Amino acid sequence: MQRFNWVLVGVFIFLSKPVFADRIQLSYEGFLGPLFVISGVAELNLSAISYEVKTTSKTEGFGAWFFPWRNEAVSVGRNINGEIHPKNFHMKSKWNDRERDVELQSGNLYPEIKKITPLATMVENTPVKTDLTSKTIDPLSMAVKLMITMGRAERCPDKIRVFDGRRHCDLRFSEEIGKALVKNSSTIFGGSARSCAMSIKRIAGFWKESEIITKTKGLPRIWLGRPVKELPMVPVKFEANYRFGVIRIHLTALKAGSIIRTLD
Numbered sequence: 443m444q445r446f447n448w449v450l451v452g453v454f455i456f457l458s459k460p461v462f463a464d465r466i467q468l469s470y471e472g473f474l475g476p477l478f479v480i481s482g483v484a485e486l487n488l489s490a491i492s493y494e495v496k497t498t499s500k501t502e503g504f505g506a507w508f509f510p511w512r513n514e515a516v517s518v519g520r521n522i523n524g525e526i527h528p529k530n531f532h533m534k535s536k537w538n539d540r541e542r543d544v545e546l547q548s549g550n551l552y553p554e555i556k557k558i559t560p561l562a563t564m565v566e567n568t569p570v571k572t573d574l575t576s577k578t579i580d581p582l583s584m585a586v587k588l589m590i591t592m593g594r595a596e597r598c599p600d601k602i603r604v605f606d607g608r609r610h611c612d613l614r615f616s617e618e619i620g621k622a623l624v625k626n627s628s629t630i631f632g633g634s635a636r637s638c639a640m641s642i643k644r645i646a647g648f649w650k651e652s653e654i655i656t657k658t659k660g661l662p663r664i665w666l667g668r669p670v671k672e673l674p675m676v677p678v679k680f681e682a683n684y685r686f687g688v689i690r691i692h693l694t695a696l697k698a699g700s701i702i703r704t705l706d
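According to my numbering, the residues represented by the sequence shown are 443 to 706, in order.
Here it is as structure tokens:
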């Protein structure tokens with residue numbers, strides 16, 4: 443179920459313009475069929491030259507009963523003319539009463555692990571060799587990079603190399619499609635949106651059986667749109683068809699300064 447981390451990478455991605463003066467807070471809820479299974483909040487604070495991304499997420503209802511999990515992450519870095527340069531990344535999670543804590547500091551060639559508990563040799567993930575992490579960025583910085591590309595060029599950015607301190611993968615985003623999403627009781631969004639298909643290539647550090655559990659029928663897809671015209675494009679929907687059912691995650695609330703949107 444570590445796949446939930448990467449699901450959230452797909453969901454809590456939210457930047458398409460270089461600057462927005464206020465902190466943006468986005469809330470999401472995810473469903474497995476009719477069952478409420480996961481929730482999350484993402485906060486973005488950016489200036490013309492820097493960014494800070496914070497996310498908190500946890501399983502809910504049946505999901506929490508079957509797989510109790512909570513995750514908190516923060517990433518800080520520089521934004522130079524749309525080029526993302528991560529500085530620090532910290533992620534803390536707890537699943538099935540097992541705690542995970544990792545902190546990365548970006549270097550010139552590869553990110554340096556400043557803190558990791560338990561040690562990589564003491565968990566089910568195979569340790570990732572340093573030479574495999576060159577030119578990688580953390581998941582939240584990847585999110586910023588993805589949305590800058592989508593916002594400026596209106597295209598999916600192809601491959602991005604990602605390392606979260608324990609796992610390294612290549613994420614590919616393709617097949618950009620524009621369409622209108624119909625507003626319903628599950629989301630605050632309705633209107634024009636663009637989407638990308640997302641594929642993951644596991645390079646190192648993954649639990650051996652994880653692909654069996656997280657294999658999807660077709661590629662997961664992310665939709666992005668503008669709930670309010672004054673704001674950047676943000677993720678409004680995520681959908682993936684797993685062997686255990688279809689998971690759909692929707693934008694359910696937004697707050698940015700005096701702008702507030704919630705479900706009716």
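All C-beta atoms, glycine included, are put in the ideal place defined by N, C-alpha and C. Bear in mind that the values here come from a model prediction, so they are computed numbers and not experimental data.
Residue environment, residue i, which counts as buried when at least 16 other CB atoms sit within 10 Å
| i | result |
| --- | --- |
| LYS571 | exposed |
| SER583 | buried |
| PHE504 | exposed |
| LYS659 | exposed |
| LYS601 | exposed |
| ASP706 | exposed |
| THR704 | exposed |
| ILE526 | buried |
| SER489 | exposed |
| THR559 | exposed |
| GLY687 | exposed |
| PRO528 | buried |
| ILE689 | buried |
| ILE466 | buried |
| ASN550 | exposed |
From the options, residue whose alpha carbon lies closest to that of residue i
| i | options | result |
| --- | --- | --- |
| ILE701 | LYS671, TYR684, ASN683 and LYS679 | LYS671 |
| ALA698 | PHE508, ASN487, ARG542 and LEU477 | ASN487 |
| ARG597 | ASN513, ASN538, ALA515 and CYS638 | CYS638 |
| TYR684 | LEU474, PRO510, GLY607 and GLY549 | LEU474 |
| SER535 | GLU618, THR497 and ARG465 | THR497 |
| VAL479 | GLU485, PHE508, ILE466 and VAL495 | PHE508 |
| ALA506 | LEU661, LEU477 and ALA682 | LEU477 |
| ASN530 | ILE522, ASN521, LEU546 and ALA515 | LEU546 |
| ALA515 | ILE522, MET533 and ASN521 | MET533 |
| VAL640 | LYS577, ALA585 and LEU673 | Reading off the sequence shown, one finds Met at residue 640, where the question assumed Val. The shortest Cα separation from MET640 among LYS577, ALA585 and LEU673 belongs to ALA585. |
| GLU681 | LEU661, ILE522 and LEU673 | LEU661 |
Cβ pair residue i, residue j closer than 9 Å
| i | j | result |
| --- | --- | --- |
| SER481 | SER499 | yes |
| ASP580 | TYR552 | no |
| ILE590 | GLY524 | yes |
| GLY647 | HIS692 | no |
| ARG614 | LYS643 | yes |
| LEU561 | ILE630 | no |
| PRO569 | TRP537 | no |
| ASP543 | LYS557 | yes |
| GLU502 | GLU471 | yes |
| SER469 | VAL483 | yes |
Three-way DSSP call (helix, strand, coil) for residue i in this model
| i | result |
| --- | --- |
| VAL586 | helix |
| GLY667 | strand |
| ALA506 | helix |
| VAL575 | Before going on, a small fix: residue 575 reads as Thr here, not Val. THR575 falls in the coil class under three-state DSSP. |
| PRO581 | helix |
| MET592 | helix |
| PHE686 | coil |
| ILE491 | coil |
| SER548 | coil |
| LYS625 | coil |
| GLU554 | strand |
| ASN530 | strand |
| LEU693 | strand |
| GLU672 | coil |
| ASP600 | strand |
| GLY519 | strand |
| ARG703 | strand |
| LYS657 | coil |
Beta-carbon proximity list for residue i, same chain, < 8 Å, skipping 5 on both sides
| i | result |
| --- | --- |
| ALA635 | GLY620, LYS621, ALA622, LEU623, TRP665, LEU666, GLY667, VAL678 and LYS679 |
| LYS657 | TYR684 and ARG685 |
| GLU618 | MET592, GLU596, ARG597, CYS598, ARG636, SER637 and CYS638 |
Same chain, Cβ closer than 6 Å to residue i, five either side skipped, listed in chain order
| i | result |
| --- | --- |
| MET675 | SER458, GLY593, LEU666 and ARG668 |
| LYS625 | GLY632 |
| ASN513 | SER499 and SER535 |
Beta-carbon contacts of residue i that lie in its chain and below 7 Å, excluding the five residues immediately before and after
| i | result |
| --- | --- |
| THR575 | TYR552, PRO553, PHE605 and HIS610 |
| LEU588 | ILE455, PRO599, ILE602 and PHE615 |
| ILE645 | LEU574, HIS610, CYS611 and ASP612 |
| SER628 | HIS692 |
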